[in-house]
Structures are given as C-alpha cells and as structure tokens.
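Protein chains in written order, with this note's numbering: chain A, 1 to 639; chain B, 1001 to 1100. Glycine included, C-beta positions come from ideal geometry on N, C-alpha and C. Here the structure comes first, spelled out in structure tokens, and everything after it is commentary.
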Amino acid sequence: MNNYLLIPFLPLTAFLINILFGRNFIKDKAHWVSTLAVGGSWVVAVMTLIDVLDGKTLNVDLYTWIASGTFKVSVGFLIDELTAVMLIVVTTCSMLIHIYSIGYMHGDNGYYRFFAYLSLFTFSMLMLVMANNFMQLYFGWEGVGLCSYFLIGYYFNKKSASDAGKKAFIVNRFGDFGFGLGIILIFLTFGSVYYVPVFGQAASFATNSINFLGYDVHLMSLIAFLLFCGAVGKSAQMPLHVWLPDAMEGPTPVSALIHAATMVTAGVFLVARCSPIFNLAPIVLVIVALTGAITSLFAATIGLVQNDIKRIIAYSTISQLGYMFLACGVGAYSAGVFHLYTHAFFKALLFLCAGSVMHAMAGELDLQKMGGLKKYMPVTYWTMLLASLSISGIPGFAGFFSKDEILWLAYAGPSPVGKLVWAIGTLVAFLTAFYSFRLIFLTFHGKFRGTHEQEHHLHESPKSMTIPLMLLCIGAIGSGWVGIPKLLGGGAHFTEFMMPVLGHPAAHGTHSEELIVMAISIAAGFSGIGLAAYFYILSPEIPVRLVQQFSAVHRVLFNKYYIDELYSFILIRPTIWVAKNILIGITDTRIIEAIVNGVPSTIGAFSQLLRKMQTGLLQHYATIMATGALIIVALMLFR
Amino acid sequence: MVPLQWYLMLSAAVFVIGMFGFLTRKNIIIMFMSVELMLNAVNISLISFSHYLQDMRGHILVFLVVTVAASEAAIGLAIIIALFRNKQTAHVNEMNEMKG
Chain A
1 MNNYLLIPFL PLTAFLINIL FGRNFIKDKA HWVSTLAVGG SWVVAVMTLI DVLDGKTLNV
61 DLYTWIASGT FKVSVGFLID ELTAVMLIVV TTCSMLIHIY SIGYMHGDNG YYRFFAYLSL
121 FTFSMLMLVM ANNFMQLYFG WEGVGLCSYF LIGYYFNKKS ASDAGKKAFI VNRFGDFGFG
181 LGIILIFLTF GSVYYVPVFG QAASFATNSI NFLGYDVHLM SLIAFLLFCG AVGKSAQMPL
241 HVWLPDAMEG PTPVSALIHA ATMVTAGVFL VARCSPIFNL APIVLVIVAL TGAITSLFAA
301 TIGLVQNDIK RIIAYSTISQ LGYMFLACGV GAYSAGVFHL YTHAFFKALL FLCAGSVMHA
361 MAGELDLQKM GGLKKYMPVT YWTMLLASLS ISGIPGFAGF FSKDEILWLA YAGPSPVGKL
421 VWAIGTLVAF LTAFYSFRLI FLTFHGKFRG THEQEHHLHE SPKSMTIPLM LLCIGAIGSG
481 WVGIPKLLGG GAHFTEFMMP VLGHPAAHGT HSEELIVMAI SIAAGFSGIG LAAYFYILSP
541 EIPVRLVQQF SAVHRVLFNK YYIDELYSFI LIRPTIWVAK NILIGITDTR IIEAIVNGVP
601 STIGAFSQLL RKMQTGLLQH YATIMATGAL IIVALMLFR
Chain B
1001 MVPLQWYLML SAAVFVIGMF GFLTRKNIII MFMSVELMLN AVNISLISFS HYLQDMRGHI
1061 LVFLVVTVAA SEAAIGLAII IALFRNKQTA HVNEMNEMKG
C-alpha cells in the first residue's frame, strides 16, 4: 500500500526540489530530478496495474484533512480498475513528455521552472485520479487548472502567452463553479463526500427532487448536471472550449501534456467516475451525448481550414473529447475511457511530432510555409503518419478500436439520441481523417514553401526527442489491442476489465449490423484520407477554388464560428464597461474614495475652526484662565 | 487693632493690580513683576489669616511661597534672558511659537 503513496508524491518531491533549488543549484540538470521522479511513478503505476489485474483493489484513508462536525475529508486513495488505467495513461505520457522536453526545452532560461511545473502538473493529475472523495478530486482538479495557467503562460513576457494562460484559468472557473456547487449538493444530499457512500446510496435518491430557484428539479439530474458543468470547462467542450486552442501558446510539450494525459481528460474521468450518478439522470446523459456530438462536429469543421499546425491538433483534441463525452452520454463509459486511453497516446504523439516540426522550422507554425519535410525528418514523418492513421480510425491502429466501439455502442445502445450521435460521430470520423491527413500532406509532402534560410535549417530532432516519439508510436498503434471487439475475434478485455467500475454497456444489435457500422466508419476514415490526398497532392487547385466559391463558409470556419468575438461582445466588453464606468467611475471614485477622503477632510475642516483658538499669545491664555476663575468665583458667590 | 477685612482688601487690591498688570502689559519683565505682585498679595492674606487665627501654619505656607517665588525669579529671569537673546526683544506678542 505504501508503494501507492509514491505515485503522486515522487513528482511532488521533484517539484519541491526543483522550485526551491532549481534557480541557483540545479539549473540545467533539472530534468534529472523530474524525469527520474516521474519514471519512478510510472514503475509503481505499472505495479499497481498488475495488482489490480490480480483483483486487488483498495480504498484507504491516509490522513484526515478536514474534520468539522459531520463534514469529514481525508487524503485517501481509491485504487480500482478506472484509477489503474488512468495512472498508466498519466504516468506514461507524462514520463515520455518529460524525456522529450529535455531536448525540446534545452537552453531555455526557465529550464528548472519548466520541469518543476511539469512535475506539479503530473502530481495534481495523479491526486485527481487517485482520490477516494470529491474534495481531493477537486483539489487535483484545481491543481491542474493552476499548473495549466503556469505552463500556458510559461513564456510570460509574451503578451499572447500570458493572456492565454489567464483565459484558460478564467474559462475553467466558469465550469468549476458548477462543479463546486455539485460537490456541495452531494454533501447536502448524502452527508458525505466519499465515493463509496455517495455511489452506494445514489439509487435510493433516484426519485427525489429538490427546490432549485423556485422549481422542483430532479435531484440526481441537478447533481449530474452541475458535475458535468465542471467537466465541460475542464475538457473544453462547447461552450467553454475557447481556452484550449489558445493554450497552444505554451511550449509544445505542455500542449501534449494538457491534451493527452492531464487536464482535459479529467472531465471525461469525472463523468466516468460518477457514472452511478449519471445513470440516474437520463436527461443529463442526453445533454452529455449531444454536447459531445455537437462539440466534436463543431471542432472538426474548424480544424478543416486552420493553417496553424498546433491549432489543428488542438481542435482535433476538442473533437476527440467530444467523442468521449458522446460515449459517456450513451452510457458507454468504458468505451469513453477506452478512447481516452488510446487518444492519450496518439494525441501526445501528434503534438510531440508537431513540436519536432516546429523545432526544425525554428518556431514556424504555418502549414502554408511547410511542405516536403519528409526527407529531412523521416522519424517525425513516420511517427506522425502512424498517429494520424490511428486518429483516423484505420483498422489495426489503436484509434480504430476505441472509435469503433463508441460508434457501435451509440448506434446500438438504448439512448434516445443514439442514432443521431452515431451519424454525427461517423461524419466527424470522416472529417477527422481529412484534416489529419491535410496536415500530413501539407507538412511533409510536396515542395518546401518556406524561405531559403528555413530550408537550410531543416534537420531531424535530437535523440531525446525522437525516442519518445517512437515509444509513443508503439502506444498509438498497440494500445487499442487490449480492446479488440469480440466480433473481430478479440476478447474485448478492456470493457471486461472496466466492468466492476463502469458497468456493462447495453447494446442490442446483430452481428451483421455491427459489421455494417464498422464498415461505414472504416469507409469514412479511408474516404477522408482519400479526399485529403486528392485535394492536397493530386490537384491542389481544388481547395483554392473551393475557398473562393464558398468564401463565406470558409471565413466563418477560419474564424472559429466567431465564438471568441461573440464572447468578447456579450461577456468581456460588457464586463469591462461595467468595471470602467460603474465600478471605477461610480463605486470606487464616488463612493469608496469619497468616504475614505471625506472623513479626514471633514475632521480637518473642524480643526481649522478650532485651531484659531490657539493664538500662541500668553496673555490670551491668561485672560481665559482669569475669566474662568472669575466665573467659578461668581458661581460660588451667587448660587 | 487693624481689622482683618482691611488686610484682605489690601491683599485683593494688590492681587488685582498684579493680575491686570499681567494681562495688559506687553513687556515680559513687567509681566513677571506682576506675577510677583500676585504672589505677595496671597502672602499678605496668608499672614493676616495666620495672625487672626493664631495659627502658625499660615507662616509656614508664606515661607514656602517666598522660596518658590525666589527660585521662580531665578529661573524666570534666566528664561527671559534666553528669549531676549533669541528674539532681540522682550515684547510678549513676539513669543507666539505655539500658534495653532
């Protein structure tokens, strides 16, 4: 049991060492501390997985954190199937990203700071997934939010980076507000914030309702909805997705970490972890499924036309997260977590490849200036190609198995919107394949379109960067093999493994239907790749003509549906207006400053009157004294 | 025998002369002398009560007042000289450093 303690606390120790001694003593050796610590966590996480595979789950309190009346919170660990999988995902990706960062961040001024925050990030996420109560979950939840702020704004002397950090933090607050309310409501309902009693008693509150803003609301639906608000913020779903593309301002390894292992997957994890509550709230499940489906379609369409290599991958993440929510929404939690797990590998790989490309291009992100990089950086090319095949859902690769399972369970599941989200999901699979390969073709094929100096600078990345790429590639291809569906002769081990926590997804369909669904999704993937090849290799004039013909559509997509502008118009500018004109203009200057300055100036005015009495002339004082004495005498005499 | 009231009237007259002197004269030395007058007016009334009541405590008090007046004269004159050196004048209206 003590071993489990090492998983989160090794990165925490690394963080403390680096942040305290990094600047003056460790300097450019900071990676040793952090990487070894995360490596240690990874080893223990693998041992944990082996334990859990043996059926040894654990729920233990280690330390009483808050004890106030009936409210009790402790730092405790719940090690079960879901936690074990998340531990593997988090520590594996985090470790490889640490190794990659050694090469990528080499020579940076804040080298120690970068690794310190990376470790703190990992620690927060590990605390989040290992929690056995909602408060510790919330602690980890806010921890990853804080670290994302640190790391997105890592280049803090760049305005756009520090703005992006603030944006990520503030947008997350919106979701976390709901999440916080959800936890409070859970405590009010169950009298406890521990998973076991909450999930155990959830069914007995299934028909309760609660008075909320004057309406009687179904209690479980309200709790589930509030929790889902948190998940929407953290996992960048509509309408709180705006922070994630901007988060690209951070260093690329950070993007990989945020997108693959930590942070955004927390929302999916939360929904999966709270599946007993969500199962009692069918309306919220529909909302979850629709949010996921709409988000995935929305982000995929934006991804089609972007030119920034990292932004395309960012929108792809939003889209894939939408997939995971879609899966959770149709009750296929294990499929959602399965996709989370495969996605972590190929998405981390995609980002690290993009980082490698950026490294070669000296920071250039614009696809229009790339092309033909294949012969300069073969390792990056091949690994990125394999990751793209995986995300496109090509049979045999990891992404295929998880995506196919989601689509099948959406189609065959009992959810009322199942067929609809299946259709959207299939369309998104096509779009995903298209934009992923658009990225590949524009970057690596064709002729180089950048400047001469850039072409001269092109080179393959150092070993510390390419080796993590190759290792992640194994995950991107093979991680799905643990969940090969029974139809294809596999054992669907992943779903079986998750069953004790997430239950068994219901699916009613024949084998032939399942084959057809699978065939359609494969066809969608291949046709997406084919279309991308046709557009960007065979006849590159077609996309140009399309853009001219549908310039309005292109403009809307290119500007991300003007969501940022919309928020700026309805939220940010009114807020700033209120701040400037009412809070500063009236409250601050007219009320607060008036009181603060008014009190002393009133007193001053009185004292101006009184000081006139103090003439400083001896005889005035003496006269007053004498007069006083005379008055006293007179009073005594004529009383 | 001179009745007590006469002494008291003398004492009151001297005291009032001193008091008006103190309040009206502007030369600081004259004001100082007026203070001495007021002290001695009190001495007269003390002595006369002491004599009238056949009680020696009045005498004792007079000695005390005389001693105090002597030391006060010494210190007061020293202060006046110091003031004069600073201000080159003995006019009391010039000494208004404590004006609010």
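- Secondary structure note for A67(A): its beta strand (DSSP E) is the uninterrupted segment 58-68.
- Excluding its 5 nearest sequence neighbours in each direction, C93(A) has C-beta neighbours in its own chain below 6 angstroms: A260, A261, A344, A348, listed in chain order.
- Around the beta carbon of I302(A), 16 or more other beta carbons lie within 10 angstroms, which makes this residue buried.
- Here I152(A) is buried: its Cβ has 16 or more other Cβ atoms, across all protein chains shown, within 10 Å.
- Taking C-beta atoms as the reference points, L62(A) and V44(A) fail to come closer than 8 angstroms.
- With its beta carbon less than 8 angstroms from one in chain A, K1099(B) belongs to the interface.
- Out of S551(A), L257(A), T451(A), M125(A), the CA that lies nearest to the CA of A314(A) is found in L257(A).
- Residues of the segment 1014-1039 of chain B that bring their beta carbon within less than 7 angstroms of a beta carbon in chain A comprise M1019, F1022, L1023, in sequence order.
- The beta-carbon distance between L78(A) and Y195(A), rounded to whole angstroms, is 6 angstroms. This is short enough to meet the 8 angstroms contact definition.
- By the neighbour-count definition (other C-beta atoms within 10 Å, threshold 16), M636(A) is an exposed residue.
- Counting only the Cα atoms, K369(A) lies some 16 angstroms from V544(A).
- Looking at the DSSP output, F77(A) bridges to V60(A), A131(A).
- For N1027(B), no alpha helix (DSSP H) encloses it, and the DSSP letter there is neither H nor E.
- Among the CB atoms of chain A, one or more fall inside 8 angstroms of the CB of M1095(B).
- Under the three-state reduction of DSSP, K158(A) is assigned to coil, being neither helix nor strand.
- Going by C-alpha positions, P197(A) is about 11 angstroms away from N132(A).
- In this structure, L82(A) places its C-beta atom within 8 angstroms of the C-beta atom of V501(A).
- Per DSSP, reduced to three states, the secondary structure at Y194(A) is strand.
- Not flagged as an interface residue toward chain B: T587(A), since no C-beta distance is shorter than 8 angstroms.
- Around the beta-carbon of V633(A), fewer than 16 other beta-carbon atoms lie within 10 Å, marking it exposed.
- Where S388(A) is concerned, the enclosing alpha helix (DSSP H) starts and stops at 378-391.
- The bridge partners DSSP lists for D246(A) come to none.
- The CB of V1092(B) comes closer than 8 angstroms to the CB of L617, L618, Q619 in chain A, given here in chain order.
- F550(A) and V556(A) have their C-alpha atoms spaced approximately 10 angstroms apart.
- Listed along the chain, the chain B residues whose CB falls inside 7 angstroms of the CB of A626(A) are M1019, L1023.
- In the DSSP assignment, V217(A) forms a beta bridge with I210(A).
- From the beta-carbon of A634(A), no residue of chain B is found nearer than 8 angstroms; the closest lies around 15 angstroms away.
- Of I19(A), G175(A), P600(A), G55(A), the smallest CA-CA separation from L120(A) is found for I19(A).
- If only complete runs of 4 or more residues are kept, the segment 11-66 of chain A shows the alpha helix (DSSP H) at 30-53, in order along the chain.
- Contact between the segment 52-69 of chain A and the segment 12-28 of chain A is absent, with fewer than three C-beta pairs closer than 8 angstroms.
- Chain B places a beta carbon closer than 8 angstroms to that of A622(A), counting this residue as a contact.
- For C274(A), there is no enclosing alpha helix (DSSP H), as DSSP marks it with neither H nor E.
- Beta-bridge annotation (DSSP): F71(A) is paired with S68(A).
- Rounded to whole angstroms, the gap between the alpha carbons of W243(A) and A168(A) is 5 angstroms.
- Here G107(A) is exposed: its Cβ has fewer than 16 other Cβ atoms, across all protein chains shown, within 10 Å.
- Considered as a whole, the segment 298-376 of chain A harbours no complete run of any beta strand (DSSP E) with no fewer than 3 residues.
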